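Engineer: Under the numbering used here, residues 36 to 329 are what the sequence shown spells out, in order.
The beta carbon of each residue, even a glycine, is placed where N, CA and C say it ideally should be.
Being a predicted model, the structure only gives us computed values, none of them experimental.
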Amino acid sequence: MKDCIFCKIVRGEIPCYKIYEDENVLAFLDIENDVYGHTLVVPKKHCTNILDAEDETLAQVMKAVQKIAKHFVDDCGFDGVHTFNNNGEVAGQSVMHLHFHIKPRKTNDGIKSEFSNPKVEASLEEICEKLKLKEEKRECQGECDKQTVGNVVLYTDGACSGNPGLGGWAAIMQSSGKTKKLSGGEENTTNNRMELMGVISGLEAIKKPCKVDIYSDSAYVVNAFLQNWIEGWLAKGWKGSTGKDVLNIELWKRLLQAMKPHKVAWHKVKGHADNELNNECDALARAEIDKLRL
Ligand code: 5GP
Ligand code: ZN
Numbered sequence: 036m037k038d039c040i041f042c043k044i045v046r047g048e049i050p051c052y053k054i055y056e057d058e059n060v061l062a063f064l065d066i067e068n069d070v071y072g073h074t075l076v077v078p079k080k081h082c083t084n085i086l087d088a089e090d091e092t093l094a095q096v097m098k099a100v101q102k103i104a105k106h107f108v109d110d111c112g113f114d115g116v117h118t119f120n121n122n123g124e125v126a127g128q129s130v131m132h133l134h135f136h137i138k139p140r141k142t143n144d145g146i147k148s149e150f151s152n153p154k155v156e157a158s159l160e161e162i163c164e165k166l167k168l169k170e171e172k173r174e175c176q177g178e179c180d181k182q183t184v185g186n187v188v189l190y191t192d193g194a195c196s197g198n199p200g201l202g203g204w205a206a207i208m209q210s211s212g213k214t215k216k217l218s219g220g221e222e223n224t225t226n227n228r229m230e231l232m233g234v235i236s237g238l239e240a241i242k243k244p245c246k247v248d249i250y251s252d253s254a255y256v257v258n259a260f261l262q263n264w265i266e267g268w269l270a271k272g273w274k275g276s277t278g279k280d281v282l283n284i285e286l287w288k289r290l291l292q293a294m295k296p297h298k299v300a301w302h303k304v305k306g307h308a309d310n311e312l313n314n315e316c317d318a319l320a321r322a323e324i325d326k327l328r329l
């Protein structure tokens with residue numbers, strides 16, 4: 036990312052006090068110098084935060100966080116560390132490149148913890164009911180024992196000019212260092228149909244059973260799975276909450292069919308933000324619309 040501060044640090048265009056580096060991760064002192072040894076650990080490959088990070092990136096960063104934390108405690112005389120990260124502006128993220136903070140601590144160092152809020156009014160029981168991962172159960176029903184032979188990262192997008200109108204979809208797949216791009220267009224379609232077609236076409240192009248991480252900015256598509264709408268639709272014979280037929284049934288069925296061989300994990304990304312592959316999908320989908328205009 037051209038203008039991202041941490042990408043510039045990774046590329047050496049902005050200097051930093053380097054604490055650790057490996058092939059995928061860089062750790063350097065936080066410029067604020069508020070706590071002795073306050074370190075930031077960032078992936079070299081840009082992503083915004085943990086909400087759009089790929090599994091591999093997260094694993095690489097967390098491994099480095101652990102390594103540095105151990106080094107601080109084992110070799111540098113600290114007694115413990117805070118490790119934390121902020122995701123999204125509302126949560127205090129000021130640099131939109133994934134980073135974990137490490138703040139080393141010593142007994143009686145006098146550093147105050149940052150969160151001191153009034154007690155929450157809701158009970159833990161209520162909170163748990165609202166916040167627990169309901170899809171976890173579903174993921175394990177038959178999903179856990181699926182045998183997969185590879186990992187695929189699949190970015191998709193759909194676009195429409197007019198709704199209904201001319202539409203385009205795109206899918207970018209990455210696996211074992213290889214990238215494949217697909218796109219297509221249709222007349223008289225809708226944005227949601229194009230979003231579905233992006234995912235369907237991507238999945239249908241994967242030849243072997245894989246663990247597939249799908250990244251889409253379509254709340255319509257992603258929440259159907261993450262918020263379990265699909266189970267409700269299946270239970271009610273493809274009727275929505277108002278009792279009417281769900282829209283695009285044939286595409287939802289095709290999607291379920293395309294998912295069958297794979298172990299799928301859904302990720303919602305923010306559209307039109309600084310997620311490169313999401314933006315590239317958007318551009319490919321829009322290019323398909325332009326082709327239809329010729
Ligand atoms: P956030 O608030 O996003 O969780 O953390 C961003 C951190 O990046 C802040 O603590 C801030 O001090 C640090 N930071 C911002 N710009 C730079 C920079 O150019 N160099 C270094 N080393 N740290 C930076
Ligand atoms: Zn960056």
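At which residue ranges does the stretch 203-290 contain complete alpha helix (DSSP H) runs of 4 or more residues, listed in the order of the chain?
Structural biologist: The stretch 203-290 contains these whole alpha helix (DSSP H) runs: 226-239, 254-261, 264-270.
Engineer: If glycine 220 and leucine 327 are in contact, beta carbons under 8 Å, what's the gap, nearest whole angstrom?
Structural biologist: At roughly 5 Å, the Cβ-Cβ gap stays under 8 Å, so glycine 220 and leucine 327 are in contact.
Engineer: Can you list, in chain order, the residues of its chain whose CB lies under 7 Å from that of glutamine 176, leaving out five sequence neighbours each side?
Structural biologist: Note that glutamine 176 has pLDDT 47, beneath the 50 cutoff, so the model's placement of it is unreliable and the number below is only indicative. Contacts found: none.
Engineer: Would you please state the rounded distance, in angstroms, between the beta carbons of threonine 83 and asparagine 313? I believe it to be under 8 Å.
Structural biologist: Actually they do not touch by this definition, with Cβ atoms about 10 Å apart.
Engineer: Please return the same chain residues whose Cβ sits closer than 6 Å to the Cβ of arginine 139, not counting the five positions on each side in sequence.
Structural biologist: The amino acid occupying residue 139 in the given sequence is proline; arginine does not appear at that position. Around proline 139: Gly72, Phe107, Phe113, Val116.
Engineer: Counting pairs of Cβ atoms below 8 Å between the stretch 238-251 and the stretch 187-197, do you hit three or more?
Structural biologist: With a cut-off of 8 Å, the stretch 187-197 and the stretch 238-251 count as touching, because enough Cβ pairs lie within range.
Engineer: What residues in its chain sit with their C-beta under 8 Å from that of lysine 298, if we drop five residues either side in the sequence?
Structural biologist: These residues qualify, in order along the chain: Glu178, Lys181, Thr183, Pro244, Cys245, Lys246, Val247.
Engineer: May I ask whether a heavy atom of the ligand 5GP can be found less than 6 Å away from the beta carbon of serine 338?
Structural biologist: Any answer about residue 338 is impossible in this case: the structure gives the chain only from 36 up to 329.
Engineer: Taking the Cβ atom as the reference point for each residue, do threonine 225 and asparagine 186 lie within a distance shorter than 7 Å?
Structural biologist: No.
Engineer: Rounded to the nearest angstrom, what separates glutamine 128 and tyrosine 255 at their Cα positions?
Structural biologist: Looking at the two C-alpha atoms, the distance is approximately 27 Å.
Engineer: Would you mind stating whether arginine 228 and asparagine 283 have Cβ atoms separated by less than 7 Å?
Structural biologist: Against a cut-off of 7 Å, the Cβ pair of asparagine 283 and arginine 228 comes out as a contact.
Engineer: Could you work out which residue in Leu93, Thr118, Thr92 is closest to isoleucine 103 when comparing CA atoms only?
Structural biologist: That would be Thr118, whose Cα lies nearest to the Cα of isoleucine 103.
Engineer: Going by DSSP, what residues sit across from asparagine 143 in a beta bridge?
Structural biologist: Answer by DSSP bridge pairing: none, since asparagine 143 is not bridged.
Engineer: Out of Lys147, Gly200, Lys213, Val234, which has the shortest C-alpha to C-alpha gap to alanine 206?
Structural biologist: Selected option, being the one with the closest Cα: Val234.
Engineer: According to DSSP, what are the bridge partners of alanine 300?
Structural biologist: In the DSSP output, where bridge partners are listed per residue, alanine 300 has Asp248.
Engineer: Note the first and the last residue of the continuous beta strand (DSSP E) segment covering phenylalanine 119.
Structural biologist: Residues 115-119.
Engineer: Would you check whether the ligand 5GP has a heavy atom nearer than 6 Å to the C-beta of glutamate 67?
Structural biologist: Correct: glutamate 67 has its Cβ closer than 6 Å to the ligand 5GP.
Engineer: Assuming glutamine 95 and valine 60 are in contact, meaning their beta carbons sit under 8 Å apart, how far apart are those beta carbons, in whole angstroms?
Structural biologist: Glutamine 95 to valine 60, Cβ: 5 Å. Contact.
Engineer: Can you check which of these residues, Asp69, Glu222, Arg46, Lys215, is closest to serine 148 by C-alpha distance?
Structural biologist: Comparing Cα-Cα distances from serine 148 to each of Asp69, Glu222, Arg46, Lys215, the minimum goes to Asp69.
Engineer: Tell me the residue span of the alpha helix (DSSP H) that contains valine 100.
Structural biologist: That run of the alpha helix (DSSP H) goes 90-110.
Engineer: Beta strand (DSSP E) containing isoleucine 54: first to last residue?
Structural biologist: Its beta strand (DSSP E) spans residues 53-56.
Engineer: For the ligand 5GP, is there any heavy atom lying closer than 6 Å to the beta carbon of isoleucine 40?
Structural biologist: Yes, since a heavy atom of the ligand 5GP falls inside the 6 Å radius drawn around the Cβ of isoleucine 40.
Engineer: Using the DSSP secondary-structure output, state which residues sit across from glycine 5 in a beta bridge.
Structural biologist: Nothing about residue 5 can be reported from this structure: the residues present for the chain run from 36 to 329 only.
Engineer: Rounded to the nearest angstrom, how far is the Cβ of alanine 62 from that of valine 76, given a contact under 8 Å?
Structural biologist: About 4 Å; that satisfies the 8 Å criterion.
Engineer: Cα-Cα, which of Gly306, His136, Lys80, Ser158 is closest to arginine 46?
Structural biologist: Considering only alpha carbons, the answer is Lys80.
Engineer: Using a Cβ-Cβ distance under 7 Å, would asparagine 122 count as near chain D?
Structural biologist: The chain inventory of the structure shown lacks chain D, comprising one protein chain alone.
Engineer: Measuring alpha carbon to alpha carbon, tell me which of Gly145, Ile241, Thr74, Lys37 ends up nearest lysine 213.
Structural biologist: Among Gly145, Ile241, Thr74, Lys37, the Cα nearest to that of lysine 213 belongs to Ile241.
Engineer: Out of curiosity, what's the CA-to-CA distance linking asparagine 122 and leucine 86?
Structural biologist: Each residue's alpha carbon lies about 7 Å from the other.
Engineer: Given a threshold of 16 other Cβ atoms within 10 Å of its Cβ, counted over all protein chains shown, does isoleucine 66 qualify as buried or as exposed?
Structural biologist: That one is exposed.
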